[in-house]
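Before any comments, here is the structure.
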Amino acid sequence: MLRSAARVTSTRGISSRSRSFYSLTQAAGLPVATFDNGQSTSSVTFLVKAGSRYQAKPGVAHTLKSFGFKNTASRSALGIVREAELYGGVLSSAHTREYISYTADFLRGDESYFVDVLAGILTETRFTRYELEESVLPIVEAESKAGRANAAINAIELAHALAFRSGLGEPLFAPAHSHITIDDVRQFAHNTFGQGGISVIGTGISQDTLVRLLEKHLASVPKVSPKATETTKYYGGETRVEFAEGGSHAPQTVFFGFGVPGQPKPELAVLSAYLSPAASVKWSKGLS
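Below is the structure:
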């Protein structure tokens, strides 16, 4: 009994100490979440509510993501990459159906430079046509081609298109023959880069430090009203697609999707676990 009580008390102490690192606040009109784990490396991510479900034209979100860390009013793309390397940092961007993320990973103490670089994406990116054609579109096309060559990614894309049609059914990657113009990208950025469309997440950095830097670099960010989206509606359906990439050696992929209105039901979780091909015991290699 005493041992059990001591164990509960100890667990609660660990849990409360873990929660004490995590904090939420506002800075420059943006929601900010920080988690200072005391490590020697830090990470700051700007989450922009500009995923593919909000795009007005297929491929715009993918293209805007790829404009991250390109030429700005105060820095060149080459300068950003070289300076980040000198600092020992890593810059990356990604996109989902909900968000575009721009992330900087760096050594603690270098946050002033990297927050400035991230802020420059939102406030100073030049969005030039020559850079779109010479640098951004080749990246977009290469990523789209790699996605189309992956059977699992194709299955997920088709499942979303069948299940939701529009909104969440919008393609994550730009189509093979997209006609994205620089004006399309500028307009999408104008509608999403601002208060109401951006959240900031920091790990390995104190809340006070991150708030101070955001107030310094993003004080002039305007308010925006992200595109309103209708409540997601599940349609469902089925399709069969011949997958020719890789010939007879391509992996065979079958995707089953289930949808129900309202809150998720425990029966679906049980069904998912029952149908999963993953091993249920550690010494088994397949179904068990």
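The sequence shown runs 1 to 288 under UniProt numbering. Think of the CB as a built atom: it goes at the ideal place given N, C-alpha and C, for glycine as much as any other residue. Every value quoted in this text rests on a predicted model; they were computed, and no experiment measured them.
Check, Outcome
"Could you tell me the distance, in whole angstroms, from the CA atom of Ser-144 to the CA atom of Glu-131?", "18 Å"
"Provide the residue span of the alpha helix (DSSP H) that contains Ser-112, from first to last.", "111-124"
"For Asp-36, count neighbouring Cβ atoms within 10 angstroms of its own Cβ and tell me buried if that reaches 16, exposed if not.", "buried"
"Given that a residue counts as buried once 16 or more other Cβ atoms are within 10 Å of its Cβ, and exposed if not, what is Asp-184?", "buried"
"Would Leu-91 be called buried (16 or more neighbouring beta carbons within 10 Å of its own) or exposed?", "buried"
"Scan the UniProt domain \"Peptidase M16 N-terminal\" (33-175) and note each continuous beta strand (DSSP E) run of 3 residues or more that stays entirely inside, going in chain order.", "41-48, 90-95 and 100-107"
"Using 8 Å as the threshold, is the C-beta distance between Val-211 and Gln-195 below it?", "no"
"Are the Cβ atoms of Val-224 and Phe-46 separated by less than 8 Å?", "no"
"Among the residues of its own chain, which have a CB less than 7 Å from the CB of Gly-120, if the five just before and after it don't count?", "Thr-72, Ser-74 and Arg-75"
"Out of Ser-23, Leu-24, Tyr-22 and Ala-28, point me to the one whose CA is closest to Thr-219's CA.", "Going by the sequence as given, residue 219 is Ala instead of Thr. The candidate whose alpha carbon is nearest that of Ala-219 is Ala-28."
"Alpha carbon to alpha carbon, how far is Ile-153 from Leu-78? Give it in angstroms, no decimals.", "32 Å"
"Considering only DSSP beta bridges, list what Thr-203 is partnered with.", "Phe-35 and Ser-43"
"What is the C-beta distance between Phe-188 and Leu-64, in whole angstroms, given that I count them as a contact (C-beta under 8 Å)?", "6 Å"
"Could you check which residue in Glu-111, Phe-67 and Glu-242 has the C-alpha nearest to that of Pro-138?", "Phe-67"
"Identify which residue in Gln-263, Pro-264, Thr-41 and Arg-126 has its Cα closest to the Cα of Gly-88.", "Thr-41"
"Along the chain, where does the alpha helix (DSSP H) that runs through Thr-195 open and close?", "It is Gln, not Thr, that sits at residue 195 in the sequence shown. Element bounds for Gln-195: n/a, residue is neither H nor E."
"Thinking Ile-100 and Val-48 are a contact (beta carbons under 8 Å), I'd like their distance in whole angstroms, please.", "5 Å"
"What is the rounded straight-line gap between the Cα of Gly-147 and the Cα of Glu-111?", "34 Å"
"In the DSSP assignment, find the unbroken beta strand (DSSP E) run with Ala-27 in it and report its ends.", "22-27"
"Glu-98: which of Tyr-54, Gly-38 and Thr-25 sits nearest, CA to CA?", "Tyr-54"
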